[in-house]
Amino acid sequence: MPRVKQPFDEAFVFVVGGGSYVEYQNLLDWVKSTCSTTSGTSSTSSTLTNSVNGINSRPGTGGHDSSSAPNTGTAYSKHITYGCSDLVSPSEFLLEVSSF
3 MPRVKQPFDE
13 AFVFVVGGGS
23 YVEYQNLLDW
33 VKSTCSTTSG
43 TSSTSSTLTN
53 SVNGINSRPG
63 TGGHDSSSAP
73 NTGTAYSKHI
83 TYGCSDLVSP
93 SEFLLEVSSF
């Protein structure tokens, strides 16, 4: 039976281990490049979550939300939630990798 690809408008991406803002930004860039666009205000909905360390970066808690991003004049129909078990800075990542 062939698998039918159905469109989706919500995704949860969770990385076990080190996540990064670059991965998160790449997801948002992917949404922008793959979605059909319409003129209007920016409504790309996204949240950045680091749930294992107890940091919830959802709107209202001082976290990151695309609603505070500059208005690009384009609306997208996808909602992306990105989470990871460890969100490290680039220098912490290099230190971690060099220990192997």
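Numbering (our numbering), first residue to last: 3 to 102. Beta carbons: idealized from backbone N, C-alpha and C, even for Gly. These numbers come from a predicted model, not from an experiment.
Excluding residues up to 5 positions away in sequence, Ser79, Lys80 and His81 lie with their Cβ nearer than 8 Å to the Cβ of Asp11 in the same chain. Comparing alpha-carbon positions, the option among Tyr84, Pro9 and Glu94 lying closest to Tyr26 turns out to be Tyr84.
Burial state of Leu89 is buried, judged by a 10 Å Cβ sphere holding 16 or more other Cβ atoms. DSSP, read as helix, strand or coil, puts Phe102 in coil.
Nearest C-alpha to Tyr23 among Phe102, Pro92 and Val99: Pro92. Per DSSP, the unbroken beta strand (DSSP E) holding Ser87 starts and ends at His81 to Leu89.
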